[in-house]
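Reviewing the structure listed below.
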Amino acid sequence: MALFNVSVRAHLSETTVDELTASGLYFMQGAVDEEGSTRRRHHLRVQADNCDDAVERARQKVVDAGGDGSLVECGGPVFT
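Under my numbering, the sequence shown has 456 at position 28, and the numbering climbs by one with no breaks.
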């Protein structure tokens, strides 16, 4: 397993963000996704076997925390 960068484009409530960080995911709120939108691009780091698995794991974590997991993209593995 490797650590992958995943971005989630959504409007996440403070409660959802708290649940994501409590679940052990690295979380960073990004900039506004589109001009005039309340969506932001949030960045997560997810342990997974590949990008597809990372997207599915991130989507499930976001949905479990009460957020919208429809716009999730993998940015590739984290290199340390």
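For every residue, glycine included, the Cβ atom is placed at its ideal position computed from N, Cα and C.
Reduced DSSP category for residue i - H, G, I as helix; E, B as strand; rest coil
{"i": "VAL445", "result": "helix"}
{"i": "ALA486", "result": "helix"}
{"i": "GLN506", "result": "For the sequence presented, residue 506 should be read as Val rather than Gln. The answer is coil: DSSP assigns VAL506 none of H, G, I, E or B."}
{"i": "ALA493", "result": "coil"}
Inter-residue Cα distance where the pair is residue i and residue j
{"i": "GLN488", "j": "SER465", "result": "23 Å"}
{"i": "ASP480", "j": "LEU499", "result": "13 Å"}
{"i": "ALA458", "j": "HIS471", "result": "Correcting the residue type first, residue 458 is Gly in the shown sequence and not Ala. For GLY458 and HIS471, the distance between alpha carbons rounds to 7 Å."}
{"i": "LEU431", "j": "GLU463", "result": "31 Å"}
Check: residue i C-beta below 7 Å from any heavy atom of the ligand SAH
{"i": "VAL474", "result": "Although the ligand SAH was asked about, the structure shown includes no ligands whatsoever."}
Expected contact under 8 Å - CB spacing of residue i and residue j to nearest Å
{"i": "GLU447", "j": "ALA486", "result": "Their Cβ separation, rounded to whole angstroms, is 13 Å, which puts GLU447 and ALA486 out of contact at 8 Å."}
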